[in-house]
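Undergrad: Attaching a single structure in structure tokens format; questions to follow.
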Amino acid sequence: MELINSNSEMIKEFFQSMDRMLDGISRLAKESRPHLNGEKFLSNREAAKYLKVSIRTLQEWRDTGVIPYIQIKGKIIYRQSDIERLLQTYYNKERQE
1083 MELINSNSEM IKEFFQSMDR MLDGISRLAK ESRPHLNGEK FLSNREAAKY
1133 LKVSIRTLQE WRDTGVIPYI QIKGKIIYRQ SDIERLLQTY YNKERQE
């Protein structure tokens, strides 16, 4: 029977595995956004990244009414469902064929 101590390979592998798990959990916690009544909200930067457009383009879309948004004082947020609806509205099936 093998004696397990702090220098054992089994213990080292266990702690390495735990470190990887903790890194993954930390990354998920950092990237997750709280939901309000099941709705996810995105910041300006997140919405621009999601749509693959610049922040300036996003501002133009707000100004011209292309994309709905919520403004609370100086903070602008977007419902993820509104962004997905926008993508569905402008989805061009003919280009895909």
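For reference, each letter of the sequence shown is one residue, going 1083 to 1179 in my numbering. Even for Gly, the Cβ is constructed at its ideal location relative to N, Cα and C.
#1: So who's on the other strand from LYS1134, going by DSSP bridges?
#2: Exposed or buried, ILE1154, counting other C-beta atoms within 10 Å across all chains shown (16 or more means buried)?
#3: With DSSP run on the structure shown, which of helix, strand or coil describes LYS1094?
#4: Between which two residues does the beta strand (DSSP E) harbouring TYR1160 extend?
#5: In the DSSP assignment, find the beta strand (DSSP E) that holds ILE1154 and state where it starts and stops.
#6: Should TYR1160 and ALA1129 be called a contact, given that it needs their Cβ atoms to be closer than 8 Å?
#7: Going straight from the alpha carbon of ILE1158 to that of PHE1123, what length do you get?
#8: Measuring straight from C-alpha to C-alpha, what distance separates ASP1145 and SER1125?
TA: Working from what's here:
#1: For LYS1134, which the question treats as bridged, DSSP gives no partner whatsoever.
#2: exposed
#3: helix
#4: 1157-1161
#5: 1152-1154
#6: yes
#7: 10 Å
#8: 17 Å
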